[in-house]
Each structure stands twice: as C-alpha cells, then as structure tokens.
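Chemist:
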Amino acid sequence: MKNITCGILVVILITLSTQLSVAQGADSLKFLDPSSVYLPKRGKLLEIGIGTTYALSMTGLYSLWYKDYPLGKFHFFDDNDEWLQMDKAGHFGSSYYLGKWGIDLFRWTGMKRKKAIIMGGSVGFAFLTTIEILDGFSEQWGFSTGDMIANTTGSLMAISQELLWNDQRIKVRFSYHPTSYPSYRPDLLGSSSVENLFKDYNGQTYWLSANVKSFLHQNTTFPAWLNFSVGYGAEGMTGARRNNGEVKNGILIERYRQFYIAPDIDLTKINTRSRALKTIFGAIGFIKFPAPAIEFKDSGKTKLHWIYF
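Residues in the sequence shown are numbered consecutively from 100, following our numbering.
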C-alpha cells in the first residue's frame, strides 16, 4: 500500500483550518470557539469546507498516484505483511485524527452532542474508504481489508472515547526522524525531505499517548500536561515485503520492529489565555513531543534515547 496517510492528514488539516480561520478576518480566533446552539451559517460553511477539501484531496491523489497507472475491474489485494504493518499504523492514526478533528468541527457548528460525535468521528473513515475504493480499481494496488480494519478502528477510537468520557484521554501521536534508507530506494522511500516524511516508514513512529491525570482522582496534583506514551516503529525496510540484499557498513540490512515507552507533553492541557496559542496547540496536537525514550527491539535488545523524535 502506498505511503499516503500522513499526507492526507496534513492536507485536510491545513485546508480546513485555513478556510475557517480566514472566515472572519481579525475575529477568526474567536470565531473558532464552538457554539452552544446550532448555527446554520456555520453548518453551511462546514459543508463547503469539507466538500472543497474532499474534492481537492481526491483530485490531488489522482494526479499524484493514479493517473500514471491503468484502471481495471474492482479487486482485492492482501498487503497485511507489508512494511511490518507500519502502513496499517498510519491508516489507524490518520483515521483517528481526522475523526477527532471532525468531531471538533461538527461541535463548532452547535450540532447536538451525539450527532456531532458520530458524524464528525466518521470523517476519517469516509475519506479513507474512498481511497480504498480507488485502490480497488487501480491495477497497481487493490482494495485492502487490512487497511479498512485499521481505518475503522481509528474512527471508533475517536468516537468511543468522546461518547464515554466526552474527551480524548488517549490520543494518537506521530513523530518522524530522517534515516539513510531512502538512499537505497529513492523511488520507493522518497527522493526529497518532503517525500521522505510521507514515504519512509523507517523514520516514522506512531504513539498512543495517555493523559495520566484524567484517569486519577479529581483532586490529584499530577500535572495535567504530562502524558505517558507507548510507540511502535520499524526499521531496516528497503522494500514492502522484503529487502533486496542491501548492505549498510558492510552488514546486510535486517528488518525489525521497535516498541517504545516515553513521557509526552500534551500542549492542549497547558493553561493559557492566549487564543492564538490554544489554536496552535490544537493544530499541532498530533505531533509527539520530543522526549527521552526506551526502545525495545523485537530481537530482545533495548536502547535508551536521551531525546527521541
């Protein structure tokens, strides 16, 4: 499966946030506050924003991925053993965060709570399902049931937490660091820094970041901004299913999984009166804060990172 999920997330977040923030000029930050009653004008603006974003993202994806490959009959493709399941983590994370942001957007209109959660939380599922259908008609790829399971799980995680706690106590986070692996397969892992960010799974890590205070007694003095996180990554991958005998420093490159534990900082839990900071903290909330981390490799080896990102 092509490495697109993080790119989709960034495109949609930037497009929607830009459309909303310019809507009221100097009053845009106040305009972003959710309404306690349904406002038809906001509902219409949201429809236009989502519709425009959907059209732009699908057009862009077609130009980037599909136009150079022939279309055919709808078919399935089993890619569950590719990239040590890093692509599935990407689908899960993208669907979750699109759902979380969708909930915020539908609540912003003043829509009733449960309806806003269900409809908003399904945004990611809807976007990514369309992509899977396009894959199903492309002879280069195919409809992946594994991707759909990951998409569904991510959306359900956003919806269920909101219904249960009216909050996202456990958030999905993303981090990335450059690696040397794209030099072996620039056609597959990217030939520029921007392409590497989206295509090089070796440098990506997906996290579940839990807000500790939200699970403790109400009167606890535990810092509201301090989270505990667990992460998943993989390295040594120069191909989807297997490597082609590439050598690094005279040693054959081996593929392996990585598991992490690390503290995290939830910037949205930091008290500030600044609307601008609140907006910025919310917009970058999907990024894992750089921090010390312990890495556990599937070979049984462990490694301490003083700062990992």
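For every residue, glycine included, the Cβ atom is placed at its ideal position computed from N, Cα and C.
(1) Would you be able to state if there are at least three C-beta pairs under 8 angstroms between the region 334–341 and the region 351–361?
(2) Mind checking which residues open and close the beta strand (DSSP E) that includes W405?
(3) Please return the same chain residues whose Cβ sits closer than 7 angstroms to the Cβ of I379, not counting the five positions on each side in sequence.
(4) What's the gap between the Cα of E394 and the Cα of S274?
(5) Pull up the distance between the alpha-carbon of G399 and that of I406, whole angstroms please.
(6) Which residues does DSSP list as the beta-bridge partners of G289?
(7) Find the nearest neighbour of P169 within the set F321, W240 and Q303, judged by alpha-carbon distance.
(8) Alpha carbons only, please: which of A215, S221, D365 and G245 is nearest the one belonging to F385?
(9) If you compare alpha carbons, which of T371, R372 and K347 is closest to Y283?
(10) Report all residues from its chain with a CB closer than 6 angstroms to the CB of R206; omit the five preceding and five following residues, and keep chain order.
(11) Hey, how far is the Cα of V222 from the Cα of N250?
(12) Given this structure, state the Cα-to-Cα distance separating I360 from L307, to the nearest angstrom.
(13) Output yes or no for whether 7 angstroms exceeds the beta carbon distance between L183 and L145.
(14) Kindly provide the ranges of any alpha helix (DSSP H) runs that are 4 or more residues long and lie completely inside the region 323–384, ordered along the chain.
(15) Closest to I230 by C-alpha separation, out of H316, K213, Q260 and F173, would be which residue?
(16) Here's the rule I'm using: 16 or more other beta-carbon atoms within 10 Å means buried, otherwise exposed. How should A333 be labelled?
(17) Do the region 309–324 and the region 190–205 touch if we need at least three Cβ pairs shorter than 8 angstroms?
(18) From N343 to D299, what does the alpha carbon distance come to, in whole angstroms?
(19) Assuming G409 contacts P277 (C-beta within less than 8 angstroms), just tell me the rounded distance between them.
(20) Going straight from the alpha carbon of A122 to that of P139, what length do you get?
Modeler: If we stick to the structure as given:
(1) yes
(2) For the purposes of this step, residue 405 is taken as the residue at position 306 of the sequence shown. Its beta strand (DSSP E) spans residues T401 to Y407.
(3) Walking along the sequence shown from the start, residue 379 turns up at place 280. Taken in chain order, the list of residues that qualify is empty.
(4) Walking along the sequence shown from the start, residue 394 turns up at place 295. Walking along the sequence shown from the start, residue 274 turns up at place 175. For E394 and S274, the distance between alpha carbons rounds to 14 angstroms.
(5) Residue mapping note: residue 399 aligns to position 300 of the sequence shown, counting from 1. Residue mapping note: residue 406 aligns to position 307 of the sequence shown, counting from 1. Between G399 and I406, the C-alpha separation is close to 21 angstroms.
(6) Position 190 of the sequence shown holds residue 289. Its beta-bridge partners do not exist; DSSP assigns none.
(7) In the sequence shown, counting from the first residue as 1, residue 169 sits at position 70. The option with the nearest alpha carbon to P169 is W240.
(8) For the purposes of this step, residue 385 is identified with residue 286 of the sequence shown, where counting begins at 1. Cα-wise, what sits closest to F385 is D365.
(9) Numbered from its first residue, the sequence shown carries residue 283 at position 184. That would be K347, whose Cα lies nearest to the Cα of Y283.
(10) Position 107 of the sequence shown, counted from the first residue, corresponds to residue 206. Within the same chain, and ignoring the five residues on either side of R206 in sequence, the residues whose Cβ sits closer than 6 angstroms to its Cβ are P133 and A215.
(11) Taking the first residue of the sequence shown as position 1, residue 222 is located at position 123. Taking the first residue of the sequence shown as position 1, residue 250 is located at position 151. Distance between the alpha carbons of V222 and N250: 11 angstroms.
(12) Start at 1 with the first residue of the sequence shown, and residue 360 comes out as number 261. Start at 1 with the first residue of the sequence shown, and residue 307 comes out as number 208. Distance between the alpha carbons of I360 and L307 is about 10 angstroms.
(13) Stepping through the sequence shown from its first residue, residue 183 is reached at position 84. Stepping through the sequence shown from its first residue, residue 145 is reached at position 46. Cβ atoms of L183 and L145: not closer than 7 angstroms.
(14) 374–382
(15) Here residue 230 is taken as the residue at index 131 of the sequence shown, counted from 1. Among H316, K213, Q260 and F173, the Cα nearest to that of I230 is on F173.
(16) As a first step, residue 333 is located in the sequence shown; it is residue number 234 there, counting from the start. Buried.
(17) They do not touch, by the three-pair rule.
(18) What you label residue 343 is simply residue 244 of the sequence shown in a count that begins at 1. What you label residue 299 is simply residue 200 of the sequence shown in a count that begins at 1. Looking at the backbone, the Cα of N343 and that of D299 are separated by about 16 angstroms.
(19) Residue 409 falls outside the range modelled here, since the chain spans only 100 to 408, and no answer is possible.
(20) Here residue 122 refers to the residue found at position 23 of the sequence shown. Here residue 139 refers to the residue found at position 40 of the sequence shown. Bear in mind that a pLDDT of 45 at A122, under 50, signals an unreliable position, so the number given afterwards is only what the model happens to contain. Distance between the alpha carbons of A122 and P139: 15 angstroms.
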